[in-house]
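Have a look at the structure below, then the notes.
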Amino acid sequence: MIPISGLSTNVALKLVDATRDKQIEVLNTAPEHARGSSEFRERIAGIETVKQLIDDRDLYDFVMKAFGLEDQIFGMALVRKILESDAEDRNSLVNRLRDPRFGEMFEVMGFDAKGVGNTNVVDPAWREQMVDRYLEAQFIGDQAEQNSNVGIVLEFRRKAATIEKPLDFLKDKGMAKFIRRALGLPEEIAQANIDRQADLIASRLDITKLGDPKEVDKLVRKFVALSDAFDSQQLMQSATVQMMRSAANMRGYPAPVALD
1 MIPISGLSTN VALKLVDATR DKQIEVLNTA PEHARGSSEF RERIAGIETV
51 KQLIDDRDLY DFVMKAFGLE DQIFGMALVR KILESDAEDR NSLVNRLRDP
101 RFGEMFEVMG FDAKGVGNTN VVDPAWREQM VDRYLEAQFI GDQAEQNSNV
151 GIVLEFRRKA ATIEKPLDFL KDKGMAKFIR RALGLPEEIA QANIDRQADL
201 IASRLDITKL GDPKEVDKLV RKFVALSDAF DSQQLMQSAT VQMMRSAANM
251 RGYPAPVALD
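Under this note's numbering, think of the first position of the sequence shown as 1, with each following residue one higher.
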């Protein structure tokens, strides 16, 4: 993994983009990931029900990680109910959850009604797409741990073409931060009514253009520039407060208190 912690978003993103293919190849050959990918390819074809997937802990963990759901791995009962949901029922669990990761997993896994039957698992191309998805999720997660802004950009790029309405941004904390900053909206907007937020996004962004790589790149450049400007301002404020505290301590005066 290329270290990007402490770098500006702009510099870190350029470094990540330049080394992306090499980093994913390193992940692919790492013993832990290579073993997981191999086991997934070999055993997923025998999975016909959601229950079978949940009961095979190695396969289950692999699938959850492929959709960035590592933090939800222990919620096996919930995951089973989601994957056994009826997509046609507006009141079914999968349609009521706000976390888009679960909806994406439900769609991609493709279990039949009540979680019984799955033709995707016998398709070699689908299995390779799942392995690619797993490696991509690990790659994004590794970058996000070092630089949250870079992680947000990578996630936006991955999801951009699937975003159909402003509310799709607001279902995800990282995507909401991305679009607010990319559109120059104040952070305080996050406290507003969700419909109000969606209206503001719609007034400043043509969602239909998100399938255009040029539009995606333009939004990324705006997010990166404003993120670095914001981080620089925060750093300067922190340094100023620290200097004032040090000076006050030397003179025996009460140290100033940083204001939020």
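For glycine and all other residues, C-beta sits at the position ideal for the given N, C-alpha and C.
These numbers were taken from a predicted model, which means no experiment stands behind them.
- In terms of Cβ geometry, Asp55 and Arg43 do not form a close pair [threshold 9 Å].
- Pairing Lys65 with Ala137 gives a Cβ-Cβ distance under 9 Å.
- Gly174 is positioned such that its CB atom lies closer than 9 Å to that of Glu155.
- Excluding its 5 nearest sequence neighbours in each direction, Lys222 has C-beta neighbours in its own chain below 6 Å: Ala182, listed in chain order.
- Val116 is bridged by DSSP to Thr49.
- When only Cα atoms are considered, Asp21 and Gln129 end up about 16 Å apart.
- Under the DSSP assignment, Gly103 falls in the alpha helix (DSSP H) whose first and last residues are Pro100 to Met109.
- By the CB criterion at 9 Å, Thr49 and Val224 fall outside the cutoff.
- The beta carbons of Lys177 and Ile152 sit about 6 Å from each other, so the pair counts as a contact at 8 Å.
- The criterion of a C-beta distance shorter than 9 Å is not satisfied by Ile194 and Ile163.
- No residue range can be given for Asp212, since it is assigned to no alpha helix (DSSP H) and is classified by DSSP as neither H nor E.
- About 4 Å separates the beta carbons of Met105 and Phe67, which is inside the 8 Å limit, making them a contact pair.
- It is roughly 12 Å from the alpha-carbon of Phe102 to the alpha-carbon of Gly110.
- By the Cβ-count criterion, Leu210 is buried, with 16 or more other Cβ atoms from all chains shown falling within 10 Å of its own Cβ.
- Here Phe230 carries a helix assignment [DSSP, helix/strand/coil].
- Per the Cβ contact rule, the stretch 80-93 is in contact with the stretch 109-127 (3 or more Cβ pairs under 8 Å).
- The alpha-carbon separation between Leu97 and Arg180 amounts to approximately 23 Å.
- A residue is called buried when at least 16 other Cβ atoms come within 10 angstroms of its Cβ; Pro31 does not meet this threshold and is exposed.
- For Thr162, there is no enclosing alpha helix (DSSP H), since its DSSP letter is neither H nor E.
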